[in-house]
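Q:
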Amino acid sequence: MKKNIFKSMLLAAFAMGIAACSSDPVGPEPTPEYFSYGAFVVNSGNQTNKINGTLDYIEFGSNTIINNVFEKVNGRSLGITANDAFVYGSKLYIAVDSEQLVEVVDAKTLQSLKQIKLDGAARHLTACEGKMFVSSYSGDVCRIDTTSLTVDKTIKVGDYPEGMATYGNLVFVTNSGYGSGHTFTVIDGTTGNVTGTHECPTNPTDIVCDGNYLYLLTSGTYKADWSGYEEDPAIYRINPDYLDFPLVTKGTAVASNFMKLYSFNANYYNPDITYRETDTNSGMYKELDLSKDIKYPCAIAADPITGHLWVSSYNLSEYGYADYSAPGYIVEYDSNMNKLHEYNTGVGPIAIAFFNNLK
Amino acid sequence: MHQFFKVILMQRVALYLLGMFLYPVAAMAQQDTVTYLKDRLLQNIEVIGQRQQQRLSSAAPLQQLSYKDFKIQGITDLSDALHRLPGITLRDYGGAGGMKTVSVRGFGAQHTSVIYDGIALSDCQSGQIDLARYSLDNVESVSLVVGDQDEIFIPAREVSTAATLTIRTFQKPNDDLKPHLTAQMRVGSFGYTNPFFRFSKNLSNNFGIQAMGEYIYADNDYPFKLQNVKVVTKERRNNSRMNSGHGELSFAWTPTATSQLDGKVYYYDNDRQLPGLVHYYTNNSKETERDRNAFGQLAFKTSNRNNLWFSAKSKFNWASSSYRDGSYPDGVKDQDYWQREWYATASLLYRPIESLSLNYSGDYTFNNLNSSEPGDVHPYRHSILQSLTAKYQQDRFKMIVRGLYTISLNDAKIGTGAHNVRRLSPSISLSYQISEQPSLHLRASYKNIFRMPNFTELYFRHYGSTDLSPENTDQFNLGLTWQKSYSTKGKLTLTWDGYWNHIKDKIVAVPYNMFMWTNINVGKVRVLGTDVTLSIEQEVGRKQALRIDGNYTFQSVSNRTNPEASTYGLQIAYTPEHTGALSVSYENPWVNVSAHGTGVSKRWATNQHYDGTNIDGYLEFGLTAYRTFTIKNQKLELRGDIKNLLNKQYEIVGHYPMPGRSWQLSIMWII
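The listed protein sequences correspond, in order, to chains Y and V.
Read left to right, the first sequence gives residues 22 to 380 (my numbering).
Read left to right, the second sequence gives residues 11 to 681 (my numbering).
Here it is as structure tokens:
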């Protein structure tokens, strides 16, 4: 079974990653070294307030952040409403929603290599079988050839596709339906053909993989009079038969690491924001006390090499609510949730992409 | 003096339909003595003289522009006209189809009401009026009052906002039984085509009708320069075409010398593409919007020929807007809205003694809004407004005291309605003439008023909150007006006003998260400002005159919400500190010319003044030339305009570029 092969591959990769972090000597056979160079932070900006999307780079060696680095290198803006980023090979791919394009840059120099234009808003990215995949509000996933940097296949999926994940040679795409969707599409990464579309809880917007299972994030549905949620935003495990979706935890954002899920629940009617680490192997979870550092969470990501957790945050406005037109910040925690660093980012730090040598 | 008022009054009755009570009460008292006068030229001179006098002696700041000013000062459209008035901040999304709203003295656009032929226009959905819908061709005058105007015989609703913009369209001439026709064709850059006609005729000595119609087509695909950090590209507005028509039918019936009934039906239809905000790398907008508005109104007034006047008006208004986004063919972003208004008002004016007038006005308005939005609660509102006003005028002194009592009853067909509101709003204005020659007036006014939250703020899905209270304002004004005729050939007029405004419980949208917002009453804003206007009229030869009109405004519109916050004390978004306009006109028997410019200083798109969100200031210049040919009893007028002469690329709203240099040519034929 392909999934099991992939599972063991991933396990190996994570194991090597952990080994790389260990100071113990590791025997005569030299182990390939896996390490992170740094992290990219994509800031959405705020189109109504005339704030463009930007890219920040955090260099792990010096623990410094360079803000607005795309603009500094290329002398032009990333554009309006940047949404996601993905490092693959030597390149960084940035999905810019309102500009309906994917900006491809050299991950080291950040020189722009190509703008790949789409037919609709560019939403999210993933990589599979040597190709990049980008979801677009045109109702498609576009496959990008990483050498020619062109769309070599446009794959029709459901309405308003959002987050994606790769599992083995399969790409999983959430079809949000702009709040009313209840399916995800599975694409064969090798052929670019849809292998199936499956029912799931309503309004799926993201999907992550812990090296073992896939997990689906739904953004919930509102009551008819929108006085609250009909279905709460939650994270579900996708069972391999695609038929059963056990609830893992309620939450509005999720990130994964090996056999771990990190999530927060920033629920609109509940002012208390909770953060949770779930051990997907045992099903045990613990609440994380991040509220002391995080004013209003924006994005969450775990570095697969170091195991560090990164949580970005908005600052609060003078009215005490998240300020979508002011610069935010990002906090780095070690795997024991000790705060290591805090960096000031651009406006709306909406996505975090790690730059490492782990393919 | 008595004779002077006779002329004025006659002018009112003869020329204007009911509802336009701009003249002092003293003038109205003479209504029973009206006789018809045929020399219309003389009348016009008197009217202009009277208006200027009004502007100087007004207890609250008053600015006026007449049809003649539009020509002399080279004014091309309503937003251009408002640019020439002090204290105004215009929002303009660019081009003929772009929405234009106006805010006065640091108040938001919703604090300015727009009165169209005697009855307020309304939009309960957004609470603001898009001025791009009203072309100038059929407009006889535009005036702006901040606070309470001198005329007190007006509906209560007209005193229920911080500032009032009054648009008066051309009324039928009433002095003959001949048909009158004005036909005009205007063409301009970017596919602008605008035919216009107005026909009027008196069917008898006391009954007249008028019809007008106009059509505007524009591609609006104007070029602009796009600054992308260090890269400048040449672009063009895309998906910007508009097709718009507007027609009115009106009548006026004067059964007796002291009573009058008039009415109007109005229809407007604008089917346009929305270019949206400018992106750097895509030009792929497929949004469209169709706006329709129809209303009918009736107005009646009468008097007992002595000391009592009565007026009643009513209106029914229907408006719809349909938004479509072709990028999302499943219609998920489509929106349709329909709103209705029923309105009735009655006013009584009583003048027990020469120096004192008392007015009571009672208004009732019903508004409702329906939409295609899921979860729409079908909100509606009953508003009952009552105002009691006393005006005392003796020698050089004038005082107006008013109390306005508002009852706002809010509910929704499905779901929860907003809070009801009952509130008393006081105001007082004073004017004192310090000297007669040169004419010098001192004025002072205070007004407390509020605005009700609009239906979007109250009910819009994932945005509104029914817990909202009104936004409360206080305004103080102190001003001087001065005029000197320094010879028979020249005149200099100067006005100065200083003001202090305070807005509290300002309605601010705050996010629960990126998609769920609500509105709360939290903001506080303090406005300190000064307006200066200057006007010079100088005869420079036989049938030649030079005219200079200018204004300058300084406004500190600062955020006073939270002293702990970094935004405290900063100029609020989209309010410039400095604005000004100047026009120099030369009238002569050959070709009248005018050069004019407007300037606005830097603004911020954010209250935080976040780096990169500043919008540069700009200076824009224009040129106008026109000439009128008289052939027998007919007139032919040719006019040419060059707008944005220096081709300055600027923005009023961030990411919405304004057109560069453009031209317009018009030919008008009057029978």
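For each residue, glycine too, the CB sits at the ideal point set by N, CA and C.
1. Within 10 angstroms of its Cβ, does Y/ARG144 collect 16 or more other Cβ (buried), or is it exposed?
2. In this structure, how does DSSP classify V/LEU414 when only helix, strand and coil are distinguished?
3. Counting C-beta neighbours from all protein chains within 10 Å, is the total for Y/GLY210 16 or more, i.e. buried, or is it exposed?
4. Pop quiz: Y/GLU183 and Y/SER197 are said to be a contact at Cβ under 8 Å. What is the actual Cβ separation, rounded to whole angstroms?
5. Give the residues from the region 491 to 521 of chain V that approach chain B closer than 7 Å (Cβ to any Cβ), ordered along the chain.
6. So V/ALA422 and V/ASP133 are in contact, right, with Cβ under 8 Å, and what is the actual spacing, rounded?
7. Would you mind giving the Cβ-Cβ distance between Y/LEU139 and Y/SER157, rounded to the nearest angstrom? I have them listed as a contact below 8 Å.
8. What residues in its chain sit with their C-beta under 6 Å from that of V/LYS408, if we drop five residues either side in the sequence?
9. Just checking: is the beta-carbon of Y/ASP310 within a distance shorter than 8 Å of some beta-carbon in chain V?
10. Ignore the nearest five residues each way along the sequence and tell me which others in V/ARG244's own chain have a CB closer than 7 Å to its CB.
11. So is Y/ASP265 buried or exposed if we call it buried at 16+ other beta carbons inside 10 Å?
12. Pick helix, strand or coil for V/ALA615, following the three-state DSSP scheme.
13. Would you kindly work out how many angstroms separate the C-alpha atoms of V/GLN644 and V/LYS81, rounded to a whole number?
14. My guess is that Y/ILE321 and Y/PHE285 are in contact by the Cβ rule of under 8 Å, so how many angstroms apart are they, rounded?
15. Just to confirm before moving on: does the CB-CB distance between Y/VAL108 and Y/PHE61 stay below 8 Å?
16. Given that V/THR577 touches chain Y, what residues does it touch there, using C-beta distances under 7 Å?
17. Listed from N- to C-terminal order along the chain, which residues in the region 236 to 251 of chain V have their beta-carbon within a distance smaller than 8 Å of any beta-carbon of chain Y?
18. Around the C-beta of V/PHE525, are 16 or more other C-beta atoms found within 10 angstroms, so that it is buried, or is it exposed?
19. Within the chosen definition, does the region 153 to 161 of chain V reach the region 453 to 470 of chain V through at least 3 CB pairs nearer than 8 Å?
20. Grouping DSSP H, G and I as helix and E and B as strand, with all else coil, what is V/GLY508?
21. Under the rule that 16 or more other beta-carbon atoms within 10 Å means buried, what is V/ILE363, buried or exposed?
22. Over what stretch of residues does the beta strand (DSSP E) that includes V/GLU299 continue unbroken?
23. Report yes if the CB atom of Y/THR299 is closer than 8 Å to the CB atom of Y/ASN64, and no otherwise.
24. Given that a residue counts as buried once 16 or more other Cβ atoms are within 10 Å of its Cβ, and exposed if not, what is V/VAL518?
25. Kindly list the residues whose CB is nearer than 6 Å to the CB of V/THR608, restricted to its own chain and excluding five residues on each side of it in sequence; keep chain order.
26. My understanding is that V/ILE125 touches V/ILE177, with C-beta atoms under 8 Å, so please give their C-beta distance in whole angstroms.
27. Is it right to say Y/LEU361 is buried, meaning 16 or more other beta carbons lie within 10 angstroms of its own, or is it exposed?
28. Taking the alpha-carbon of Y/THR239 as reference, which of Y/VAL269, Y/ASN73, Y/GLY110 and Y/ASN233 has the nearest alpha-carbon?
29. With 8 Å set as the bound, which would you pick, yes or no: does the beta-carbon of Y/GLU92 sit closer than that to a beta-carbon of chain V?
30. Taking all protein chains shown into account, decide if Y/VAL47 is buried (16 or more other Cβ within 10 angstroms of its Cβ) or exposed.
31. What residues are listed by DSSP as bridge partners for Y/GLY202?
32. Classify Y/TYR283 as buried or exposed, calling it buried when 16 or more other Cβ atoms lie within 10 Å of its own Cβ.
33. Measuring CA to CA, which of Y/ASP253, Y/TYR296, Y/GLY249 and Y/MET358 is closest to V/GLY385?
34. I need the boundaries of the alpha helix (DSSP H) containing V/ILE82, first residue and last residue.
35. For V/HIS619, which option in Y/TYR181, Y/ARG258 and Y/SER338 has the closest C-alpha, if you only look at C-alpha atoms?
36. Of all the residues that make up the region 83 to 116 of chain Y, which are near chain V by a beta-carbon distance shorter than 7 Å?
A: The structure says:
1. buried
2. strand
3. buried
4. 5 Å
5. Among the protein chains of the structure shown, namely Y and V, there is no chain B.
6. That belief does not hold up - the Cβ atoms of V/ALA422 and V/ASP133 are roughly 18 Å apart, past 8 Å.
7. 5 Å
8. ALA69 and SER441
9. no
10. The question names Arg, yet the displayed sequence has Lys at residue 244 of chain V. So the qualifying residues of the chain are PRO233 and LYS235.
11. exposed
12. coil
13. 19 Å
14. 6 Å
15. yes
16. GLU339
17. ASN238, VAL239, LYS240 and VAL241
18. exposed
19. yes
20. strand
21. exposed
22. 297 to 313
23. no
24. buried
25. HIS93, ALA591 and GLU630
26. 7 Å
27. exposed
28. Y/VAL269
29. yes
30. Confidence at Y/VAL47 is low in this model, with a pLDDT of 45, below 50, so its placement is unreliable and no value can be given for it.
31. Bridge partners of Y/GLY202: none, in fact.
32. buried
33. Y/GLY249
34. 77 to 82
35. Y/SER338
36. GLU92, GLY96, ARG97, SER98, GLY100 and ILE101
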